[in-house]
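Take a look at the structure below.
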Amino acid sequence: MSEDDFVRRQEGTQSTAAAVTARLIDMLDVQMGMRVLEVGTGSGYSTALLAELVGPSGHVTSVDVDAEHVDRVAGLLARQGASHATLTCGDVLAGAPDQAPFDRIIAWATATHLPAAWVEQSNPGALILAPVALTSLAKVGGGLLAVVGEDGQPSGRSLFPVRYVEMPGVAAVGIDASRKDDEGQAWWLSSERLRADGGAQSGEELLELMIRDGRQVAGPLVQRESVVGLTGWLMATRPAGLTTAALGDTRWRIGITTADGAALMSTFDGTDTAIAGDDAPAFALAEVVQAWRDAGKPGLGALEPVLSSTEGGWTVRAELRPTVAPAADAEENGAVDAHAGHQH
């Protein structure tokens with residue numbers, strides 16, 4: 002298989018870190034002869050890898066919303082001689098019922114929940130690896146590895162750090178207030194507190210305060226502390242006022258807000274925080290960070306996925322394991338980031 006055929010764009014630049022794709026596929030433990038559903042065809046490199054792993058005795062079905070991607074990859078796979086791969090264009094959340102059942106399912110975009118269709122199209126014992134939302138807040142997600150039981154019900158095995166674009170065709174959820182600044186840059190807030198305390202109007206007032214009076218301070222993390230580990234802790238402990246936000250740039254933030262102030266740290270490395278208004282949010286964020294340090298700075302390995310049935314599938318939430326695992330490992334100091342989409 003020629004990797005460059007798939008992962009280099011027409012102008013010659015590489016479309017993804019191929020090692021990232023290979024690592025995630027390796028987590029799925031694909032075996033010869035298996036039937037695999039891939040949700041999101043992208044460059045086709047991952048499709049080709051999966052086809053190679055299952056061999057001629059297995060089969061890969063890849064579904065994507067982009068007909069151009071599907072047609073291009075179909076041609077590449079045909080030239081590679083991968084006749085045991087089927088590419089379709091359609092609703093990715095619906096899976097591929099005409100090709101089911103599957104032994105493995107892997108997705109390359111973040112869903113708001115684990116779709117029922119994927120589970121229903123799985124054999125007992127099937128593994129599903131997918132990026133999913135882990136709170137009701139915008140942008141807070143991670144990778145889920147789940148197994149389908151003999152009773153057809155999914156259960157979570159583990160969570161891992163990964164960031165992918167939202168599932169195509171799915172409306173953005175969780176943004177409670179938004180506006181643009183004088184330079185046309187987007188600012189938004191996502192917080193359950195806003196939903197309870199006045200919604201968009203309260204949020205827009207807070208955004209105006211941040212645009213007018215916001216400032217940057219150092220912290221709460223220092224170098225070599227894991228922002229991914231701390232973000233996981235925030236997801237699991239869900240402190241009052243937990244908020245995600247974008248403040249006029251492409252990097253989203255997470256922290257604490259009240260009606261009168263905000264403290265929102267960068268999710269790049271956690272070493273700078275945007276604050277505005279009173280000091281209560283900054284103190285609250287500092288307390289959360291200290292609790293995380295006191296617990297041994299647990300990483301995502303300390304969290305377990307909890308699945309709850311909902312309309313159309315299962316929501317996934319992160320909870321602390323009974324015995325908190327210490328020390329986020331080096332891999333968690335930077336989540337696998339594939340925001341550009343169609344890069345696998």
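Numbering of the sequence shown is given in our numbering, commencing with residue 2 and proceeding in unit increments.
Glycine included, every Cβ here is placed at the ideal spot set by N, Cα and C.
Out of A260, L77, E305 and G59, the CA that lies nearest to the CA of F103 is found in G59. Residue pairing by DSSP puts H60 in a beta bridge opposite R36. Apart from sequence neighbours up to five positions away, the residues of its chain that approach G313 with a beta-carbon distance below 7 Å are H114, P116 and A117, ordered along the chain. Note: F103 is bridge-paired with S123 in the DSSP secondary-structure output. T232 is positioned such that its CB atom lies closer than 9 Å to that of V141.
Within the DSSP bridge table, the entry for V148 names L128 and S156 as partners. Here the C-alpha atom of W293 lies approximately 12 Å from the C-alpha atom of P221.
By the neighbour-count definition (other C-beta atoms within 10 Å, threshold 16), D72 is an exposed residue. Distance check between D280 and each of D270, D261, S267 and D198 places D261 closest, using alpha-carbon atoms only. Per DSSP, E305 is one residue of the beta strand (DSSP E) stretching across L304 to T311.
If you check the CB distance, A275 and L248 come in under 9 Å. Across the structure, S191 and L243 are spaced so that their CA atoms are roughly 9 Å apart. Note that the stretch 86-93 does not touch the stretch 129-144; fewer than 3 beta-carbon pairs, one per stretch, sit closer than 8 Å. One Cα belongs to L146, the other to T22, and the distance between them is close to 15 Å. The continuous stretches of alpha helix (DSSP H) do not include Q186, and DSSP gives it neither H nor E. Under the criterion of beta carbons closer than 8 Å, A285 and I255 do not qualify as touching, at roughly 13 Å. With fewer than 16 other Cβ atoms inside 10 Å of its own Cβ, P125 counts as exposed. Assignment of S137 by DSSP, reduced to helix, strand and coil, places it in the coil class. Sequence-distant partners of W253 (beyond 5 residues in either direction) whose C-beta falls short of 7 Å from its own C-beta, in its chain, are K140, T245, A246, A247 and T268. Q81 carries a helical assignment under DSSP once its states are collapsed to helix, strand and coil. A Cβ-Cβ distance of about 19 Å is found for the pair L128 and L304, leaving them out of contact under the 8 Å criterion. Contiguous alpha helix (DSSP H) elements confined to the stretch 210-275 occur at 228-238, taking only those with 4 or more residues. With contacts defined by Cβ atoms closer than 9 Å, L25 and A49 do not form a contacting pair.
In this structure, the CA atom of P240 is about 8 Å from the CA atom of V289. Distances from the CA of V66 to each of E167, L51 and T259 were compared; the closest alpha carbon is that of E167.
Contact between M35 and R105 holds: CB atoms are separated by about 6 Å, below the 8 Å threshold. For the 9 Å CB-CB criterion, V229 and G144 do not form a contact. In this structure, DSSP gives A112 an extended state, which the three-state scheme calls strand.
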